[in-house]
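> So that we are looking at the same thing, I have put the structure below in structure tokens.
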Amino acid sequence: MGAVIYASRPFYTQGQLDSVSVATCSGDCLRENDVAHVAWCSKFYNEKDMTFDLSSYVMSEGLDVVGCDACLGKISIDSQAFVIASQLVHAVQSHCEPPPGVVLVVAPACKSFVVQQAGLLCQLAETNKLQVLHLMHEGSVEPADRSFDDYWQQRKAFVTEAFHRPQAFCSPEDLTSAVNMLVGTEVAYEFLSSKQNVKMKLSQRLSHAEKGHYFCQYTLARIAAIVNKYESAVKEGVYPALCPLPDMDCALLSEESEWLLWHRLCQCWQVLGEPMPARSSSIRVEVNAHSLLRALEGLCSEFSAYYGKVRVLLPPEPHLSATVCARVWLIKAVHKTVLCVLKRFGLCALDRM
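Note that UniProt numbering numbers the sequence shown so that position 307 is 307, with each residue one more than the last.
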């Protein structure tokens, strides 16, 4: 399923996002698509004070306003809400075929109220009734003297130098693909883990690189190596086959580091379940990228401590087989959790580094 991003200014997307189209703001709306003109011709327009009675219109049409601010009131015909609504309708009619049922508008928190108004005003359009959801953010990126391409290339240069291990990859193409995955992870982590009420300064971020942002990929590679080694040993008859998950004896995971790892797993899954709105009909779309990435970072750090303290693949003794199975299932749970978080942000995973 594709997506259309509607932007009020030139917009950058990575080339690999083939399913994403970008429509830039345009003021060339036809008069019949001008929401302000439609409002002006409606019975809810007051010529005396030049306002549109949005609350009466909503009640008359029976529109769902769950999640909207309680005070909708009247809107001046010169309000920015009419401009936003007209441009949204125009963008959808010009760039979306077939027309979408839902439009997501990303806007700063200071524009929350006017975006809610614009979403309801879009219903004035005679065709293509839209459900407009809005996702609010607090921060932004401070203008820099370098472009995002510069930022991306510098990150790529750092990763290429830091993780250049040709022996781990079958071909130069595999190495290039791995580098691109690591860069994508780092850039996504950089933007999404930043506090949303603080402007990012790309000029400062370009001056250094954070290896910790690749830690989740390193965790996946470590776990994949352990699991592959275990599965190879099973084929050779060194270890018995992994028991079914319901038969795993959790009581054997008695090390303190193992219970700390369980705790981190529970935290991640709790946050993974939070992004959906409490009521599906709400027009407010909530995300928790910052808290989810913090939970992921905690999980990966805890796994690193566990990896250094506990030997997963114990000697192949019969009395230790159940413990080995329990520990393999535990790290597989960590692996699945990290994969789920990366998938939430559209990121791919590495199985070796």
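Note that CB positions come from ideal geometry on N, CA and C, so glycine has one too.
#1: Distance, Cα to Cα, PHE44 vs VAL65?
#2: If we count Cβ pairs, one from each stretch, closer than 8 Å, do we get three or more for the stretch 300-319 versus the stretch 226-234?
#3: What are the boundary residues of the beta strand (DSSP E) that ALA107 is part of?
#4: Among CYS325, VAL227, GLN270, which residue has its Cα nearest to the Cα of LEU252?
#5: Just to confirm, are THR51 and ILE84 a CB contact at a threshold of 8 Å?
#6: Please classify HIS90 as buried or exposed, where buried requires at least 16 neighbouring CB atoms within 10 angstroms.
#7: Cutting at 6 Å between CB atoms, please list the residues of its own chain near CYS348, excluding the five before and the five after it.
#8: Buried or exposed for HIS263, please, with buried defined as at least 16 other CB atoms from any protein chain shown within 10 angstroms of its CB.
#9: Report buried or exposed for VAL102, applying the criterion of at least 16 other Cβ atoms within 10 angstroms of its Cβ.
#10: Report buried or exposed for HIS290, applying the criterion of at least 16 other Cβ atoms within 10 angstroms of its Cβ.
#11: Might you give, ordered along the chain, the residues of its own chain that have their beta carbon closer than 6 Å to the beta carbon of TRP152, omitting 5 neighbours on each side?
#12: Counting along the chain, where does the beta strand (DSSP E) carrying SER76 start and finish?
#13: Leaving out five residues before and five after ASP351 in sequence, what residues of the same chain have Cβ atoms less than 6 Å from its Cβ?
#14: Could you compute how far the alpha carbon of LEU242 sits from the alpha carbon of GLU97?
#15: Under a three-way DSSP split, which group does ARG31 fall into?
#16: Measuring straight from C-alpha to C-alpha, what distance separates TYR189 and GLY346?
#17: Within 10 angstroms of the Cβ of SER86, are there 16 or more other Cβ atoms? Answer buried if so, exposed if not.
#18: Measure the CB-CB distance between LEU260 and GLU297 and report whether it falls below 8 Å.
#19: Can you look up VAL238 in the DSSP assignment and give me helix, strand or coil?
Concretely, from the data shown:
#1: In this structure, the straight-line span from the alpha carbon of PHE44 to that of VAL65 is close to 18 Å.
#2: The answer is yes - the stretch 226-234 touches the stretch 300-319, with three or more Cβ pairs under 8 Å.
#3: Annotation for ALA107: the continuous beta strand (DSSP E) segment containing it runs 102-108.
#4: When each option's Cα is compared against that of LEU252, the closest is CYS325.
#5: Against a cut-off of 8 Å, the Cβ pair of ILE84 and THR51 comes out as no contact.
#6: By the neighbour-count rule (16 or more Cβ atoms within 10 Å), HIS90 is buried.
#7: Cβ neighbours of CYS348 beyond the five flanking positions: MET181.
#8: Within 10 angstroms of the beta-carbon of HIS263 lie fewer than 16 other beta-carbons, which makes it exposed.
#9: That one is exposed.
#10: Exposed: under 16 other Cβ atoms inside 10 Å.
#11: Sequence-distant Cβ neighbours of TRP152 in its own chain, meaning closer than 6 Å and more than five residues away, do not exist here.
#12: Per DSSP, SER76 belongs to the beta strand (DSSP E) from 74-76.
#13: Cβ within range, chain order: ALA224.
#14: So the two alpha carbons sit approximately 50 Å from each other.
#15: Its pLDDT being 46, under 50, ARG31 is placed unreliably by the model, and the measurement read from it follows with that caveat. If DSSP states are grouped into helix, strand and coil, ARG31 belongs with the helices.
#16: The C-alpha of TYR189 lies about 12 Å from the C-alpha of GLY346.
#17: The residue in question, SER86, is buried, as its Cβ has 16 or more Cβ neighbours within 10 Å.
#18: No; because the gap between Cβ atoms is not below 8 Å, this pair is not in contact.
#19: For VAL238, the three-state secondary structure derived from DSSP is coil.
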